[in-house]
Amino acid sequence: MTIAAKVSQFLRDQLVDYQLIQHPHSRTSRESAHAAHVREEQVAKAILLKDEQGHVLAVIPASSSLDMRALHEETGRPHLEMVPEAELGRAFPDCELGALPPLGQAYGITTLLDSSLRHCDTVYFEAGDHEELVEMDGAHFARLFSDCRSCDLSKDWP
Numbered sequence: 130m131t132i133a134a135k136v137s138q139f140l141r142d143q144l145v146d147y148q149l150i151q152h153p154h155s156r157t158s159r160e161s162a163h164a165a166h167v168r169e170e171q172v173a174k175a176i177l178l179k180d181e182q183g184h185v186l187a188v189i190p191a192s193s194s195l196d197m198r199a200l201h202e203e204t205g206r207p208h209l210e211m212v213p214e215a216e217l218g219r220a221f222p223d224c225e226l227g228a229l230p231p232l233g234q235a236y237g238i239t240t241l242l243d244s245s246l247r248h249c250d251t252v253y254f255e256a257g258d259h260e261e262l263v264e265m266d267g268a269h270f271a272r273l274f275s276d277c278r279s280c281d282l283s284k285d286w287p
């Protein structure tokens, strides 16, 4: 597989330069970082959640875990829960299961960006499969999220 069609189109529409970095097959964003020889805190990990109001995509560094309390407080939606992997294909039909790109905007999904990712010089994220990362300038990445809420959503792994 290659970069997801909606991701590619969104990046073209936003006039953002990027590179594709191939790496050995991985199962998680942390594994992708190691496989591509990049720092975990530079990899934007996407976590899809849902409640009765619909989906929310939380984007945090791969080096961290999602702080559900902070997410609930930030959104005012206390019933948000992670979407089971088996259901991810409905929201991201052009992506492999578990290889979600952080660009919820491309899929019509409300997206929240962890504020720490706004300060990276270079950001990497899943291209939609388990063998490629998108690499781009941190300022360009931050610009993609200019219409999204930025907040503190992550915490160190326990």
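The sequence shown begins at 130 in the numbering used here and counts up by one. Note that beta-carbon positions come from the ideal geometry of N, C-alpha and C, so glycine has one too. Nothing here was measured: the structure is a model prediction, and the numbers come from that model.
Rounded distance between the beta-carbons of residue j and residue i, thought under 8 angstroms
| i | j | result |
| --- | --- | --- |
| residue 225 | residue 150 | 16 angstroms between Cβ atoms; not a contact. |
| residue 173 | residue 254 | 4 angstroms |
| residue 146 | residue 269 | 7 angstroms |
| residue 190 | residue 245 | 6 angstroms |
| residue 210 | residue 282 | The Cβ separation is near 15 angstroms, so there is no contact. |
| residue 256 | residue 132 | 4 angstroms |
| residue 277 | residue 171 | The pair is not a contact, with the Cβ atoms about 19 angstroms apart (cut-off 8 angstroms). |
Three-state secondary structure assigned by DSSP to residue i
| i | result |
| --- | --- |
| residue 223 | coil |
| residue 275 | coil |
| residue 233 | helix |
| residue 114 | Residue 114 lies beyond the residue range present for the chain, which begins at 130 and ends at 287; the question has no answer from this structure. |
Enclosing beta strand (DSSP E) for residue i [first to last residue]
| i | result |
| --- | --- |
| residue 278 | 278-280 |
| residue 254 | 251-255 |
| residue 241 | 239-243 |
Residue i - partner residues in DSSP beta bridges
| i | result |
| --- | --- |
| residue 131 | Note: residue 131 sits in no beta bridge, so no partner. |
| residue 264 | 148, 253 |
| residue 285 | 193 |
| residue 294 | This structure gives no information on residue 294, because the portion of the chain shown stretches from 130 to 287. |
Proximity test, Cβ basis, 8 angstroms: residue i and chain B
| i | result |
| --- | --- |
| residue 249 | Annotation note: the requested chain B is absent from the structure, which comprises a single protein chain. |
Going along the chain, which unbroken runs of the beta strand (DSSP E) with 3 or more residues stay wholly within the stretch 134-174?
148-151
Which full runs of the beta strand (DSSP E) of 3+ residues lie inside the stretch 185-223, going along the chain?
193-195
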